[in-house]
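According to my numbering, the first sequence is numbered sequentially starting from 81.
Since the structure comes first, as structure tokens, the remarks are kept for the end.
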Amino acid sequence: MSKAPQKPPQKPRGTQDMIGETAARFDHVIETFNRVRKLHGFGRVEVPVFEATAVFARSLGETTDVVSKEMYEFTDRGGDGLVLRPEFTAGIARAYIENGWQQLAPLKLASWGPLFRYERPQKGRFRQFHQLDAEILGAAEAAADVEVIALGQHLLEELGVAGEIELTLNSMGDPDTRAAWSAAVAAHFQAHRGDLSEDSQRRLETNPLRILDSKDAADQALVAGAPQIDAYFTAEAGAFFERLQAGLQASGIAWTRNARLVRGLDYYRHSVFEFITQSLGAQGTVLGGGRYDGLIGHMGGPDTPAVGWAAGIERLAMLVAEPTKADVFTVIADAPELETDALVVSTLLRQAGIPIERHFATKAKRQIELSKKFANAGIFFVKRGDDAAAPLVQARYPGDDRRVVERAALALAGRYNFSAGDQQG
RNA sequence: GCGACUGUAGCUCAGCUGGUUAGAGCGCUGGUUUGUGGUACCAGAGGUCGCGGGUUCAAACCCCGUCAGUCGCCCCA
Numbered sequence: 081m082s083k084a085p086q087k088p089p090q091k092p093r094g095t096q097d098m099i100g101e102t103a104a105r106f107d108h109v110i111e112t113f114n115r116v117r118k119l120h121g122f123g124r125v126e127v128p129v130f131e132a133t134a135v136f137a138r139s140l141g142e143t144t145d146v147v148s149k150e151m152y153e154f155t156d157r158g159g160d161g162l163v164l165r166p167e168f169t170a171g172i173a174r175a176y177i178e179n180g181w182q183q184l185a186p187l188k189l190a191s192w193g194p195l196f197r198y199e200r201p202q203k204g205r206f207r208q209f210h211q212l213d214a215e216i217l218g219a220a221e222a223a224a225d226v227e228v229i230a231l232g233q234h235l236l237e238e239l240g241v242a243g244e245i246e247l248t249l250n251s252m253g254d255p256d257t258r259a260a261w262s263a264a265v266a267a268h269f270q271a272h273r274g275d276l277s278e279d280s281q282r283r284l285e286t287n288p289l290r291i292l293d294s295k296d297a298a299d300q301a302l303v304a305g306a307p308q309i310d311a312y313f314t315a316e317a318g319a320f321f322e323r324l325q326a327g328l329q330a331s332g333i334a335w336t337r338n339a340r341l342v343r344g345l346d347y348y349r350h351s352v353f354e355f356i357t358q359s360l361g362a363q364g365t366v367l368g369g370g371r372y373d374g375l376i377g378h379m380g381g382p383d384t385p386a387v388g389w390a391a392g393i394e395r396l397a398m399l400v401a402e403p404t405k406a407d408v409f410t411v412i413a414d415a416p417e418l419e420t421d422a423l424v425v426s427t428l429l430r431q432a433g434i435p436i437e438r439h440f441a442t443k444a445k446r447q448i449e450l451s452k453k454f455a456n457a458g459i460f461f462v463k464r465g466d467d468a469a470a471p472l473v474q475a476r477y478p479g480d481d482r483r484v485v486e487r488a489a490l491a492l493a494g495r496y497n498f499s500a501g502d503q504q505g
């Protein structure tokens, strides 16, 4: 057997391995989300990580790049066309239709998990990334939009990042509004076609509304002169936007109007919002969503109003403060023959709710070193007592928490002699 | 898809305008110090300088390609 020099495999581009603080931050975001979402009455929904290609191809309206170039699409062994989900909403909509969840409407659902998009990685952008997701299905009231935004706001507050994040808000109006306004916007840019940047001239053909958020300095002047949607609101659309703003006001949620905030797809109606930070570079949207009343009907289900958002876990994880580590203690046998007792002691302490990790080293000395390396809050030494029959458990440096000592004493009572040790300074 | 920058031990990096046996810290391993709130000592292992070509008497240092990373553009469901 010759040792063929093989290069070890590498993780696929745009994926990440996480451990330690990075993983702890990630975890913290998810735990906080789950806590807050329950506080707001959002139930958990689980949908597949892969779906029939049609689920996303149809929801995205066969749009150019997104569908054709940015989805992980494959054919399985049975010949079925599948894609790794690039977003949550379409899968949830599919499940809503397929399972007849309309009987449960209005439904407040939340999910989180991995999503996949074939894009060039950059700061805050990965090919496998993770999002939190919240949706209200089957509610047409502006109050649902308020509710969903309030959940997002509360989440950011609980994560301690609300201070550096701004809520921007817009309305796409109803279909009549949208159609009239987008036609006016397209006409406006068409009239100044020659002055547009190269990118925006192309957008004129593909998605004129996107010119509104062009980063090109030359486009800015033309963007500033573009028609505002407010002039095109139908009475109903205007009233809806009013109700939304009143609801946010009543909820104590601050926002900034961004009349240029748009969604490319036709099934978006009324509310569009993004929570944005300046501290993450180009990918500053931390949480974004809107009302998509047209989607479920578009996918072949009953006409169903819905509103929701998704938030990037990686991006939130970059913003949150380093999570404080919970105190973890260790048990060290002073001599090899006391190892059995060390196991018993570990079990008793854990059952008493004291976090215990064991260190894997034969020598007690090395175990002490490891307890320092892993920053244990304290050590419980299992020693031979004065009377050789009863081993002694001695607590050393059990944090600042007297309760740990008390709980340990209680847990070990009757089985081991316990000493809180000489806490000499 | 486009652009800029980067790629040296497990990790973080140093290596002057190309010059001969490639360095440090941390980590790891072994030993010493008979052992207790991250800070002791000694020794050791570990690198085809991302990969492949090229220029040169000579390349980790220059050129081309490729892969990967970072940041930006594009896209953004």
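Even for Gly, the Cβ is constructed at its ideal location relative to N, Cα and C.
Since this is a predicted model, take the numbers as computed values, not measurements.
Taking the alpha carbon of residue i as the reference point, which residue from the options has its own alpha carbon closest?
i, options, result
"VAL135", "ILE99, PHE498, ASP160, ARG200", "ASP160"
"GLU215", "GLY327, GLY180, THR169", "THR169"
"HIS108", "ALA219, LEU119, LEU239", "LEU239"
"PHE355", "GLN90, ALA500, LEU231, GLN182", "LEU231"
"ASP279", "ALA401, LEU292, HIS120", "LEU292"
"TRP335", "GLU244, LEU375, TYR312", "GLU244"
"GLU101", "ALA415, PRO403, VAL425", "PRO403"
"GLU246", "GLY327, ARG174, ALA339, GLY364", "GLY364"
"PHE269", "SER294, ASP256, THR257", "SER294"
"VAL226", "ALA137, THR155, VAL147, GLY369", "GLY369"
"ARG395", "VAL424, GLN358, PRO166, ASP481", "GLN358"
"ALA422", "ILE393, THR384, TRP192, ALA470", "ALA470"
"ALA190", "GLU437, LEU212, ALA175", "LEU212"
"ARG205", "ALA493, ALA362, GLU437", "ALA362"
"VAL71", "LYS453, PHE454, ILE448", "Summary: the structure shown does not reach residue 71, with the chain confined to residues 81 through 505, and so no result is reported for it."
"LEU418", "LYS443, GLU131, HIS234", "LYS443"
"PHE460", "PHE454, LYS445, TYR477, LYS453", "TYR477"
"SER148", "GLY327, ALA457, HIS120, ARG197", "ARG197"
"THR384", "PRO194, ARG174, THR420", "ARG174"
"ARG165", "THR257, TYR372, TRP192, ASP296", "TRP192"
"ALA386", "VAL425, ARG138, TYR176, GLY94", "TYR176"
"GLY494", "LYS445, LEU195, HIS210, VAL473", "VAL473"
"GLU126", "ARG93, THR95, PRO194", "PRO194"
"ALA406", "GLU437, GLY392, VAL424", "GLU437"
"THR95", "ARG323, PRO201, THR112", "PRO201"
"ALA266", "HIS234, VAL303, GLN325, ALA137", "VAL303"
In angstroms, rounded to a whole number, what distance separates the CA positions of residue i and residue j?
i, j, result
"GLU237", "LEU367", "13 Å"
"ALA260", "GLY388", "25 Å"
"ALA488", "ALA104", "27 Å"
"PRO89", "GLN208", "18 Å"
"LYS188", "ASN179", "15 Å"
"PHE313", "ALA271", "23 Å"
"GLU199", "VAL163", "15 Å"
"LEU184", "VAL400", "35 Å"
"ALA264", "ASP310", "12 Å"
"MET98", "PRO435", "23 Å"
"VAL352", "ARG430", "49 Å"
"GLU486", "SER451", "22 Å"
"ALA219", "ARG340", "26 Å"
"GLY158", "GLU131", "14 Å"
"ARG349", "THR155", "34 Å"
"ASN287", "MET398", "32 Å"
"GLY465", "ALA500", "14 Å"
"GLY141", "LEU345", "8 Å"
"PHE454", "HIS439", "10 Å"
"ALA84", "PHE106", "Any reading at ALA84 must be qualified, since the residue scores a pLDDT of 40, below 50, and its modelled position is unreliable; no value is offered."
"ARG283", "ILE393", "30 Å"
"VAL116", "GLU285", "43 Å"
"HIS210", "ALA391", "8 Å"
"ALA338", "ASN114", "Just to set this straight, residue 338 is Asn in the shown sequence, not Ala. Taking the straight line from one Cα to the other gives about 30 Å."
"VAL424", "ARG124", "39 Å"
"GLY505", "PHE498", "Bear in mind that the predicted position of GLY505 carries a pLDDT of just 33, short of 50, making it unreliable; the figure below should be weighed with that in mind. So the two alpha carbons sit approximately 20 Å from each other."
Using DSSP's beta-bridge definition, name the partner residues of residue i.
i, result
"VAL64", "With the chain covering only 81 through 505, there is no way to say anything about residue 64."
"LEU247", "PHE355"
"SER191", "ASP213"
"ILE412", "PHE461"
"THR169", "DSSP, once it has assigned bridges, lists no residue as partnering THR169."
"ALA390", "ASP213, GLY368"
Hey, residue i and residue j are a contact pair by Cβ (cut 8 Å); roughly how many whole angstroms apart?
i, j, result
"LEU328", "TYR347", "That pair is no contact at about 23 Å."
"LEU235", "THR133", "Actually they do not touch by this definition, with Cβ atoms about 32 Å apart."
"VAL342", "LEU289", "4 Å"
"LEU360", "LEU428", "With 8 Å as the limit, LEU360 and LEU428 do not qualify as a contact, their Cβ atoms being about 47 Å apart."
"LEU217", "PRO255", "No, LEU217 and PRO255 are not in contact; Cβ-Cβ is about 19 Å, not under 8 Å."
Quick one: does the C-beta of residue i sit closer than 7 Å to a heavy atom of the ligand SAM?
i, result
"VAL473", "Only the bare structure without any ligand can be found here, which leaves the ligand SAM out of the picture."
How do the stretch 271–289 and the stretch 317–324 stand: do at least 3 beta-carbon pairs fall below 8 Å, yes or no?
-> At 8 Å Cβ cutoff, the stretches do not touch.
Pairing CB atoms from the stretch 410–430 with CB atoms from the stretch 244–257, are three or more of them under 8 Å?
-> Inter-segment contact for the stretch 410–430 and the stretch 244–257 is absent: fewer than three beta-carbon pairs are separated by less than 8 Å.
contact_flag[the stretch 169–182, the stretch 376–383] where n(CB pairs < 8 Å) is 3 or more = A contact exists between the stretch 169–182 and the stretch 376–383.
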